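Participant:
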Amino acid sequence: MPLKTFNRYKFAVAGKGTGFYVRSTGHYCVTPEMAESVRRAGYAEFFWCLEGQGIFRLNGKTFALNPGQVWYYPVGSVHNFSPGNPFFHYRWFTIEGPSAARLCGDLRLKPGIHACGEAPLDLFLKLEKQIDSLSPEDTREVLSAAFDLMTRIAAPGGRKSIPVSPARMARQIIDSGFGDSSLNINEVARQLNVHRVSLSRAFSMEYHVNISRYLQACRVRKGLRLLSDSKRSVKEIAEECGFASSGYFIKVIEKVTGKTPGVLSRENPELRN
Numbered sequence: 002m003p004l005k006t007f008n009r010y011k012f013a014v015a016g017k018g019t020g021f022y023v024r025s026t027g028h029y030c031v032t033p034e035m036a037e038s039v040r041r042a043g044y045a046e047f048f049w050c051l052e053g054q055g056i057f058r059l060n061g062k063t064f065a066l067n068p069g070q071v072w073y074y075p076v077g078s079v080h081n082f083s084p085g086n087p088f089f090h091y092r093w094f095t096i097e098g099p100s101a102a103r104l105c106g107d108l109r110l111k112p113g114i115h116a117c118g119e120a121p122l123d124l125f126l127k128l129e130k131q132i133d134s135l136s137p138e139d140t141r142e143v144l145s146a147a148f149d150l151m152t153r154i155a156a157p158g159g160r161k162s163i164p165v166s167p168a169r170m171a172r173q174i175i176d177s178g179f180g181d182s183s184l185n186i187n188e189v190a191r192q193l194n195v196h197r198v199s200l201s202r203a204f205s206m207e208y209h210v211n212i213s214r215y216l217q218a219c220r221v222r223k224g225l226r227l228l229s230d231s232k233r234s235v236k237e238i239a240e241e242c243g244f245a246s247s248g249y250f251i252k253v254i255e256k257v258t259g260k261t262p263g264v265l266s267r268e269n270p271e272l273r274n
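According to this note's numbering, the sequence shown is numbered sequentially starting from 2.
(1) What are the start and end residues of each continuous alpha helix (DSSP H) run of 4 or more residues lying completely inside the stretch 91–117, in chain order?
(2) Measuring CB to CB, does Pro112 end up less than 8 Å from Ser78?
(3) So, Gly55 versus Pro87, is the Cβ gap smaller than 8 Å?
(4) Tell me, please, whether the stretch 25–35 touches the stretch 6–13 by the rule of three or more beta-carbon pairs shorter than 8 Å.
(5) What does a CB cutoff of less than 7 Å around Thr258 pick up in its chain, not counting 5 residues either side in sequence?
(6) Identify the continuous alpha helix (DSSP H) that holds Val14 and give its terminal residues.
(7) Roughly how many angstroms lie between the CA atoms of Ala15 and Tyr73, to the nearest whole one?
(8) Below 8 Å between beta carbons: does that hold for Ala36 and Val23?
(9) What would DSSP say about Leu59, mapped onto helix, strand or coil?
(10) Grouping DSSP H, G and I as helix and E and B as strand, with all else coil, what is Thr19?
(11) Under 8 Å Cβ to Cβ from Phe244, same chain only, skipping five residues before and after it: list those, please.
(12) Using a 10 Å radius around the Cβ and a threshold of 16 neighbouring Cβ atoms, would you call Ala101 buried or exposed?
(13) Less than 8 Å between C-beta atoms, sequence neighbours within five positions excluded: which residues of the same chain meet that for Arg40?
(14) So, helix, strand or coil for Ser25, using DSSP?
(15) Are the CB atoms of Arg103 and Phe125 nearer to each other than 8 Å?
(16) Where does Arg40 sit, in a helix, a strand or coil, going by DSSP?
(17) Nearest-angstrom Cα distance between Pro262 and Ala218?
(18) Our contact map puts Asp123 next to Ser205 with C-beta atoms below 8 Å; I'd like the distance itself, whole angstroms only.
(19) I believe Phe48 touches Val71 by the beta-carbon criterion, under 8 Å. Please report the beta-carbon distance rounded to the nearest angstrom.
(20) Might you give, ordered along the chain, the residues of its own chain that have their beta carbon closer than 7 Å to the beta carbon of Ala155, omitting 5 neighbours on each side?
(21) Between which two residues does the beta strand (DSSP E) carrying Val71 extend?
(22) On the criterion of 16 or more Cβ atoms from any shown chain inside 10 Å, does Leu135 qualify as buried, or is it exposed?
Below is the structure:
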């Protein structure tokens, strides 16, 4: 069970005025006493259960949402749900706009539970990171991520609903976000809301490698691929790979390969292949 409750969310600052756009997204871990009030919403909302259980009500019936399952409320629905006992850990996003209902209808999305399996955290993290950007490119990326999520939810032949291990979620976060120099084990643990020691132990048991070493290996692999690009400086490559400084990048590459980035770039033009 997560160590504490939280409700983190962001709203879009661009995209309004279009046919449909990603209105908001969030990451919650809440307990029964934190239930939201019943309300009718003019947008579509999706809830992807990570851990625990959510209790949803629709047309006079009550449903339990478990890990690996997604609940969908269409545009105009009465939102009536509450955290199960002892907690409900989930990610969510909303779609709004005059064409939002048609979009969901065209995808043949039905209200209620969809068996979807492991949550694609890379897509949720993209929503979380870029939804409050004014950049048209970021707005398109957010819409693309949301559409990917919706097509997965709408896909026929639902997947088996199983709990997702913190180690697997941590790996998804690292694989999609290692280019951010602020990402480390403490930040991964914060995003998952688990203790760093517990996460480190679980990761090592599942993947037989220390989580910090795995993160560094991701950065090193990309760095080696980019070193043959003569148009990029060592500083630019270091930044793109998530190293805090070019000096540290040089030190790590030399320790791993026995050669400096400059030597590797000249000797191995095939590194990007």
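In this text, a Cβ means the ideal position worked out from N, Cα and C, and glycines have one as well. Quick caveat: nothing in here was measured; it's all calculated off a predicted structure.
Facilitator: The short version:
(1) 101–107
(2) Here residue 112 refers to the residue found at position 111 of the sequence shown. Here residue 78 refers to the residue found at position 77 of the sequence shown. Against a cut-off of 8 Å, the Cβ pair of Ser78 and Pro112 comes out as a contact.
(3) Translated into positions along the sequence shown, residue 55 becomes position 54. Translated into positions along the sequence shown, residue 87 becomes position 86. No.
(4) yes
(5) Counting from one through the sequence shown, the residue named residue 258 turns up at place 257. The answer, listed in chain order, is Leu265.
(6) Mapped onto the sequence shown, residue 14 falls at position 13. Counting along the chain, Val14 falls outside any alpha helix (DSSP H), and DSSP gives it neither H nor E.
(7) One-based indexing of the sequence shown puts residue 15 at position 14. One-based indexing of the sequence shown puts residue 73 at position 72. Rounded to the nearest angstrom, the two C-alpha atoms are 24 Å apart.
(8) Residue mapping note: residue 36 aligns to position 35 of the sequence shown, counting from 1. Residue mapping note: residue 23 aligns to position 22 of the sequence shown, counting from 1. No, the Cβ-Cβ distance between Ala36 and Val23 is not below 8 Å.
(9) As a working mapping, residue 59 is identified with position 58 in the sequence shown. Residue state, collapsed to three classes: strand.
(10) Within the sequence shown, numbered from 1, the residue matching residue 19 stands at position 18. Looking at Thr19 - three-state DSSP - the assignment turns out to be coil, as it is neither helix nor strand.
(11) Taking the first residue of the sequence shown as position 1, residue 244 is located at position 243. So the list reads Ser182, Arg220, Gly224, Phe250, Val253, once near-sequence residues are dropped.
(12) For this step, residue 101 is matched to residue 100 along the sequence shown. Buried, by the Cβ-count rule.
(13) On the sequence shown, position 39 is the one that residue 40 refers to. Only Val79, His80 meet the Cβ criterion.
(14) Looking up residue 25 in the sequence shown gives position 24. Here Ser25 sits in strand by DSSP.
(15) One-based indexing of the sequence shown puts residue 103 at position 102. One-based indexing of the sequence shown puts residue 125 at position 124. Result no, Cβ atoms of Arg103 and Phe125 do not sit closer than 8 Å.
(16) Taking the sequence shown and counting its residues from 1, one reaches residue 40 at position 39. The answer is strand: DSSP assigns Arg40 an E or B state.
(17) Along the sequence shown, one-based indexing puts residue 262 at 261. Along the sequence shown, one-based indexing puts residue 218 at 217. Rounded to the nearest angstrom, the two C-alpha atoms are 16 Å apart.
(18) For the purposes of this step, residue 123 is taken as the residue at position 122 of the sequence shown. For the purposes of this step, residue 205 is taken as the residue at position 204 of the sequence shown. At roughly 22 Å, the Cβ-Cβ gap does not stay under 8 Å, so Asp123 and Ser205 are not in contact.
(19) Stepping through the sequence shown from its first residue, residue 48 is reached at position 47. Stepping through the sequence shown from its first residue, residue 71 is reached at position 70. Going by Cβ atoms, the distance from Phe48 to Val71 rounds to 7 Å, so yes, they are a contact pair.
(20) Taking the sequence shown and counting its residues from 1, one reaches residue 155 at position 154. Hits under 7 Å: Leu108, Arg109, Leu110.
(21) Locating residue 71 in the sequence shown gives position 70, counting from the first residue. Element bounds for Val71: 70–74.
(22) Walking along the sequence shown from the start, residue 135 turns up at place 134. Counting C-beta atoms within 10 angstroms of its own C-beta, Leu135 has fewer than 16 neighbours from the protein chains shown and is therefore classed as exposed.
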